[in-house]
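Q:
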Amino acid sequence: MKIYIIKLILIGIIFTSCDNYLEEPPIKNSNIVIETTEDLDNLLNNYTNFYQTRDVTSAFGTDNNDIPVEWYDQDQGGFSTYLPFFLWSVDDMAQSSYSPWQQEYSKIAYANTVLENLKKVQGTDAKKEALKLEAHFVRAYSNFELATIYCLPFSENNKNALGLPLKKTMDYEESLTRASLEDTFKFIEADLEEALKTNKSKGDAWRFSLPAVNAFAARYYLYKHDYNKAKKHSIEALKDYDILVNTANLVDPQRSYTTYYLNESKDTVWVDILRPEIFWSRTIKAMHHEELYYTRFLNIVQRYIPSQELIDLYEEDDLRKGYLMEYFSLFYTDSPNYSAFAHFNYSQQALQGPTTSEMLLIKAECQIREGSIAEGMNTLEILRMQRFNQETYTTLEIPGSILDALSTIIDERRRENPFVWRWYDIKRLNTDPDNILPPIEITRSFYPYTNGNASVGSSLIPYTLSPKDKRFAIPIPVSDIILSNGEIEQNNY
Amino acid sequence: MEIKLINTSFLFRKNIFKIIMKTFLFLFCTTVFSFTSNNVFSQNEKIKIDADKMLTADEIFLLITKQTDYCFIYHSDLFKDLPKVSVKKGTIKANKLLLQTLSEGKFIFELSANKTIAIKEKLKISVVQQTITGKVTDVDGEPLPGVNVLVGAKGITKVRGVATDFDGKYSIEASAGEVIRFSYVSYVTQEFTVTDQNIINVVLLEDTASLDEVVLVSTGYQTLPKERVAGSFVEINEDYIQEHPSINLATVLDASSSGIRTEVDVDGNVDFIIRGVSTLNASSQPLLVVDGFAIEGGIETINPNNVKTINILKDAAAASIWGARSTNGVIVITTKDGSTTSKDKIDVRFNSFITFSNKLNMDYAYPVASPTEQLEWEEYLSDISLTDYSGALEFSNLGINSSLGNTLIAQKQKGLITQQEYNNLRSQLLTNNYQSDVEDYLLNSPLYNHHDVSISGRSDKMDYVLSGMYESGEGKFIGQEENKAQIGFKANFKITKWLNFYTDLRYRKEKNKSNGLTLDEITSIPSYSKILNDDGSYFNQVAPILFDIAPTVSYVFQPAQREFFDNAGFAYDWNYNLLREAKARDFNLESNYVRIQTGINAKLMEGLSWDLKGQYERRLSYNRLLTSDDAYAVRARINTLTPYDLNTNEVTGISSYPAGDVLQQTNGDLRNYTLRTQLNFIRSFGIHQVAAVAGTEFSSTVTDNKTPAIVYGYDRDKLTSKYPVNGYDGLDNFRYSARESYTSITNGQNFFYTDKRLFSAFFNGSYTYNQKYTLQTSIRTDASNVIVEDPKYRYSPFWSVGTAWNIKSESFLTEVDWLNRLKFRMTYGETGNIVNTASTVPTISHTPASYSIDYQSYATITDYGNPSLRWEKTGTFNAAVDFGILSNSVMGTLEFYNKHGRDIIGRVDLPVATGVSSQQFNLAEIRNYGFDFNIKFDTKLTSRINWRNEFNISYNNNEVLSLRKGSYASSTLIQPHFEEGKPSNAIFSYDYLGMIDGAPQIAGVNGNNFLLHYPPGVSDAHSYMKYSGSTTPNWYGGWLMGFNTQRFTFLVKLKAEFGHVFRTPTFQYRGPGTKALHEDASLVLAESDTDRIPGLPLENEENIYLWNRFVPFFDTLIADASYLRLQEIYTSYNLTDIINIKGINQLEMFLQARNLGLLWSANKQNLDPVYIIEKPLTNFTIGLRFGI
């Protein structure tokens, strides 16, 4: 009998202690359950996840860009991934893995993970509130990125065009049906308005702040042709933060690489001692760049190539020409393997996040659109002063018409950030209800291109992207169309 | 009318016999069947049997009388209806033999003083109903509990019955004239006709004749006679293990049983795949159970000579009792205990053997281009200007690896040497024979010694086995040494009548020493190299890129540069030599493993007992890699991080990298505990037999590995070390390096911790009616510590049902003489699988702050989690027939199965708009179906020679039925992978079209061919690649056959696999490098096989370095991997009765040869498809077994 009792006791103990027993996590290093606001804060601090975007279209799809056939002949493999975007080949863009679709949705997933876990984690309410606002900002920023790439430009006519699948949770069953363009922008705007509730001042630029939200809002409303709001937010942003860096100061007398080369007699010559602080800190230096409100970079491997049209836009004493186009690139190499454009001695990064220069340009543009041409030109001069050789620079004359003033601003935008803003600009300008500037059409000549293959050596044929071209919404990666079983609808062409 | 009287010279007549019989009947009437050792033969009377055979009763009596001084009197046709008796080789007690012989009849024995025994048929005497009591024991007098005692009319048709209690006692009502039958598994059933006696004490004898049939199978939780199970079990017994002497139990199981495929690597490590792969992510290895506990220590911790039986559980009914971990099958090992030792006797067994083999066959392992061909290729590349050597001697090219030939060509190009000098140096190079140098200086003839001893004994109160093992050996490369020692003690104590205590303690220690040489390292050096110069100094070889050697160095300087540097004043020279490298390395692995299993078993009531048992396992391992500063890997690092001025060619400071030896260490700690409580019930109610177990179990397995920081400047005598002067990642390491590229000094610190926990509750029950029909069921739930939102999702039910029909026991078959066994079995059940890596909630990992990321810490989402994730489930259907014919000389089993994994966790591609490109879902489906067939037949060729055969063959069809994955990159398709509609391990190849316009081309998309540069940029490579088949065979089997006589055994084991493919290796198209080129170089240089592999590149082919990404995966290199292999030859000679030494009861010598190579293979190149690079060495074992 005793044994029965002992046994019953034992079994009893075993069953009651079971759930606690199984709470022990299976792996300690890599599978940590989110438990505190610090965990969530660390997720948003993951700059490696947030600071880059692979927006090939902005870098290759505009009139600022070119792939000269002579260069292509030399390095076909190196350029092949960019050709679909350069030539707006719908099928090939849809097949390309260089589409930023995945990257931006991954950022949205981080934001949604933060939002979903806020209630479960330990931490102060203030911290939770701050994380919530930042997550909304991250989501708004990425959705806007996606909308400018994969959707038609925002306009009254396009309101019912295809927008984005709006991911609001991490539920894998959540509908991926594309919302209308109008609803998509409403969703972005709702997130943006939420983020504007923050009062966080600018700290590390890869984390959000009120100036960063304002700066993004200015960009957002400019795209929506809401020039009042765009102006208001650009002013708000500049009020809190308006540092400009003179381009001359960006030019570093010591280059960051090349330690030796062969001279004519083929002997090794040292040209420079490598500077380790630059080697290590290129990314960090870029992330801390003082003109950035919010750290995002366009990241295309070493191949930003200006069109002749763009090069012609630069005046001789424009420091940006030397800094962006020559010093680190054309001047240095004649090989297409290297970039013709670079920020921060680092040939892959172009500033994608909002900057003080962008705020000045938005403010100037909105002022001009209001009719305050002189005010607008004054705002522009603040920027130009830092971009030209100060010894030779003379200010621009005040243009006589809004059209001329606006053209000046748009040209300045092309010179200031040629491989990031242009796609966005073309799309918004071609649908501008004010209808001041003539529509922009992009034309190129290149080899015939089919099925991902360019017929090298054939005679060149023309390629045109007309102002109302459906291809201003680039196709969604075909893999997602397939994997969603058609729930995600492809753009119509 | 005749009477047989053996061993006497006269014949009794029938009537005389009757008279005598009547006389004796009077004397013996009170104990009709008092058949014990005291009243027929004396205890020690033994009969020797020279070989396994079938004998008639008459022949047995002849045998007994020949070997003893007894004689028998019986009627000449008294035994004519008795079946033949199968006897086994060896010695048997005369009593036992006699009983066995007469078990089918009803006889009375009468012994007279002159050792004459009279035998007669029993008479029937009618008496009234009475209570009969008695005790049932075995020959040693041990009570047998649970013996079925049935009473009924003759033929036992309408019956009532009881079972004996723990003391072997029974009590039952019976009338005179009725028949009383005592039956017990694996014992000879005895029947008596009830007379007037009311005490019947019975001695049951072990059923030697039917031992092959009545096999006990162990699920690890319970042991049941095989006749009463419906599941699919494979048994491997002690004899089989003895006939496959090995230092590794896993090799014993190689090709041993149907349904179990073994993949043995070149070093003898074995992977088991039972009935195909049925999971994508979880382990596909079967669960290993030793004496009732799943062990973590691995099959190598088990000494083969300690093993009594191995049961492999293949289907759901057999395995579901193990629940979550049983989807891939279960291997249940039962170790020997002392219970079978003779009482009050100490049994000692020794087993010693030596295994040796030749040196590695370099011709096979290193099928390289001849020195001339190697140089011709290098010269060709230079001739067509594909290789610009002009900069090869420059400081800027320090990082480029180059062979001696390339360096020579470069020197010529730069004008450092004349054409004449070049020719001289070239022909000098061609006289070298690296291959024979390797054999002389780097290879070793492996030799292993194995010794083990076991001492067992038994008394009334306890039984025990004490075992010890020692093994030492030398490996195939110089400096490889292994030492293993193991001791074990297993004992069972009867504390009281109802309480048993058992314990099993094992300790194992292993020490391995090596200098880290690998075949890969050896074959990286071209054939025109050598190892020692004529004066015995090290030949300066150009080094390959060194992987996996501490600390990793990827740069080797070329000779010309070395000379340049030699004058600079670096602390160390820059020369490389593999032998020197090996000697500078001292790698040690030491492990201590302990396993304790212990428990109590209490008998609660008749048939019901309770177990409480636990297991504790721990393995502490210490891995020490010591690389001295004589190793290039260390020297080059120290030199490289030395401040140096190139303009003056002078060292200007002290290296950031501490001078001296480098010590890397890893401490591994694996610990497991398991605690189980279990109720067992086994009882017969008349013709109803019930067996059941139920219980709960906890287990936890912790892996806790710690790798401390690498120790630099280590002094093994003074036990001192140095810290890198500029820190591990310090900027100054970068600033002051000879190569001016950033080099960090690896810290190497690493910690790893996992804890796999499991809670289980289980029930398994079976019911057998009249020994004909069996129903069986099991239910189990498992819960593991996977991360879930709600704890209820941790639990999952697993279950099985099964039925068995023993048709042979049906009345319509009992008379069919040639059929001895026929049984149908059918089971269905669901088993599961744990995927510990999957999570239902999001999990993250933290990256600590460090210099490179601006002193900011951050976190990354490692898994977004999938709240709908559940256990994997696999449903298995199994149908089988077991048969035995011609006195069971032919026995076999044919089984069909269908394993359908429906909720297999697979990584499913998701639209990336979800934020996740793939996530684990229970969506994949894998089906395995096939059959397993094995047959065993023994045939007497002559009266002395027995021909043995054990043949097994299996067919497995494996298919991934569903796996939502969108697109596959070519890099995935060329590797064995899973995809929908294909078997597991499917591979695809590039469709090689041959040389078009002088360049090799591959079929691309939409009829566009492409060159060997970059694959077409389509997301799914299926559009242009060709399916080549699976690397897993459909058909596999083994055949053990041979002969044995009384003393001599000769066995051959064959293994075969069919229906799969492999890639044959070929020439590596490459620019200047150091690696030896494949022997296909001759075909490439002659351009004679361009339909299969490309020929020479054209002059403008700048992408030759990309060819290697394609060529090895050409469809033209796919070959049929089917083969038939001669696995083993075993022969033994039993000297026990030749060398008649008192006290020695076993003496046997054996010889074995293993890995004898292929008898046939489907591929034309004569390659071994399993061992493409390195064949396992043919080894020979010679050994001795003896017992006292």
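As you go down the protein sequences, you meet chains H and E in turn.
Position 254 (the first sequence) corresponds to 254 in the working numbering; numbering is contiguous.
Position in the second sequence (from 1) plus 493 gives the number in the working numbering.
Even for Gly, the Cβ is constructed at its ideal location relative to N, Cα and C.
Below 7 Å CB to CB, which residues in the same chain sit around E/V620 once its five sequence neighbours on both sides are set aside?
A: Reliability of the predicted coordinates at E/V620 is poor, the pLDDT of 44 falling under 50, and the value obtained from them is presented with this limitation in mind. Answer for E/V620: A669, T688 and D689, listed in chain order.
Q: Using 8 Å as the limit for Cβ to Cβ distance, is H/N199 near chain E?
A: H/N199 does not count as touching chain E.
Q: List, in order along the chain, the chain E residues whose C-beta lies closer than 9 Å to that of H/M359?
A: Chain E residues near H/M359: none, gap ~25 Å exceeds 9 Å.
Q: Taking C-beta to C-beta, are E/R754 and E/K807 nearer than 8 Å?
A: No. Outside cutoff.
Q: Along chain E, in chain order, which residues have C-beta atoms closer than 7 Å to that of H/K28?
A: Neighbours of H/K28 on chain E, chain order: Y1246.
Q: Counting along the chain, where does the beta strand (DSSP E) carrying E/M547 start and finish?
A: Where E/M547 is concerned, the enclosing beta strand (DSSP E) stretches over K546 to L548.
Q: Please state whether the Cβ-Cβ distance between E/Q1264 and E/S1304 is less than 8 Å.
A: No. Outside cutoff.
Q: Just to check my reading of the structure: H/P448 and H/V90 have Cβ atoms closer than 8 Å, yes? What is that Cβ distance to the nearest angstrom?
A: 16 Å between Cβ atoms; not a contact.
Q: Are E/L1670 and E/N1648 close, meaning C-beta to C-beta below 8 Å?
A: Yes. Within cutoff.
Q: Could you tell me the distance, in whole angstroms, from the CA atom of E/R1441 to the CA atom of E/G1676?
A: E/R1441 and E/G1676: Cα-Cα distance of roughly 22 Å.
Q: Taking the alpha-carbon of E/L1403 as reference, which of H/D171, H/L192 and H/N117 has the nearest alpha-carbon?
A: Selected option, being the one with the closest Cα: H/D171.
Q: Between the Cα of E/F726 and the Cα atoms of E/M955, E/G1385, E/I877 and E/D1396, which residue gives the shortest distance?
A: The option with the nearest alpha carbon to E/F726 is E/G1385.
Q: Please name the residues in the stretch 1400-1431 of chain E whose beta-carbon is closer than 7 Å to at least one beta-carbon of chain H, in chain order.
A: Going along the stretch 1400-1431 of chain E in chain order, one finds D1402, L1403, P1404, V1405, A1406, T1407, G1408, V1409, S1410 and Q1412 with a Cβ nearer than 7 Å to chain H.
Q: So with Cβ pairs under 8 Å, would you call E/F1191 a contact of chain H?
A: By this cut-off, E/F1191 is an interface position.
Q: Name the chain H residues whose beta carbon is nearer than 9 Å to that of E/T951?
A: According to the sequence as given, residue 951 of chain E is Arg; it is not Thr. The premise fails here: E/R951 is roughly 26 Å from chain H at the closest Cβ pair, so nothing lies under 9 Å.
Q: Between E/L697, E/N917 and E/E932, which lies nearest to E/L853 when the distance is taken from Cα to Cα?
A: It is E/E932.
Q: Does the CB of H/E24 have a neighbour CB from chain E at under 8 Å?
A: Yes, contact with chain E.
Q: Can you round the beta-carbon distance between E/S850 and E/R951 to whole angstroms, since I take them to be within the 8 Å contact cut?
A: The pair is not a contact, with the Cβ atoms about 40 Å apart (cut-off 8 Å).
Q: Expressed to the nearest angstrom, what Euclidean distance is found between the alpha-carbon atoms of E/I612 and E/Q683?
A: If I take the Cα positions, the gap works out to 17 Å.
Q: Against chain E, does H/L483 count as a neighbour if the rule is that its beta carbon must be under 8 Å from one of theirs?
A: Interface residue, yes.
Q: May I have the straight-line CA-CA distance separating H/E189 from H/I243, to the nearest angstrom?
A: When rounded, the distance between both Cα atoms is 27 Å.
Q: Quick one: list the residues of chain H neighbouring E/V757, beta-carbon separation under 7 Å, in chain order.
A: By Cβ distance, chain H contributes nothing, its closest Cβ being about 31 Å from E/V757, past 7 Å.
Q: Let me know the secondary structure DSSP gives E/S1410 once reduced to three states.
A: Three-state result, E/S1410: coil.
Q: What residues of chain E sit near H/N160, judged by a beta carbon separation below 7 Å?
A: In chain order: nothing, as chain E lies at least about 21 Å away.
Q: Is DSSP giving E/Y1221 helix, strand or coil here?
A: Note: E/Y1221 maps to coil in three-state DSSP.
Q: State yes or no: is the C-beta of E/H1571 within less than 8 Å of the C-beta of E/P1590?
A: No, they are not a contact pair.
Q: Across the stretch 1540-1552 of chain E and the stretch 1619-1636 of chain E, are there enough close Cβ pairs to call them in contact, namely three or more that are closer than 8 Å?
A: The answer is yes - the stretch 1619-1636 of chain E touches the stretch 1540-1552 of chain E, with three or more Cβ pairs under 8 Å.
Q: Whose CA, out of E/Y1520, E/R1556, E/F1424 and E/S947, lies closest to the CA of E/W1528?
A: If we check each option's Cα against that of E/W1528, E/F1424 comes out closest.
Q: In three-state terms, what does DSSP make of H/K239?
A: Correct three-state label for H/K239: helix.
Q: Helix, strand or coil: which one does DSSP assign to H/Q102?
A: Here H/Q102 sits in helix by DSSP.
Q: Report the residue ranges of all beta strand (DSSP E) runs contained in full by the stretch 1476-1550 of chain E; include only those spanning at least 3 residues, in chain order.
A: Those beta strand (DSSP E) runs which fall completely within the stretch 1476-1550 of chain E and span 3+ residues are 1479-1483, 1485-1489, 1492-1495, 1518-1523 and 1528-1537.
Q: Is DSSP giving E/R1678 helix, strand or coil here?
A: Here E/R1678 sits in strand by DSSP.
Q: Start and end of the beta strand (DSSP E) containing E/E1443?
A: Element bounds for E/E1443: N1439 to S1455.
Q: Distance check for E/T1200 and E/Y1109, CA to CA, integer angstroms please.
A: So the two alpha carbons sit approximately 24 Å from each other.
Q: Would DSSP call H/D91 helix, strand or coil?
A: It is helical.
Q: What does the alpha-carbon distance come out to for the pair H/P253 and H/E290?
A: Low per-residue confidence applies at H/P253: pLDDT is 44, beneath 50, and the placement is therefore not dependable enough to give any value.
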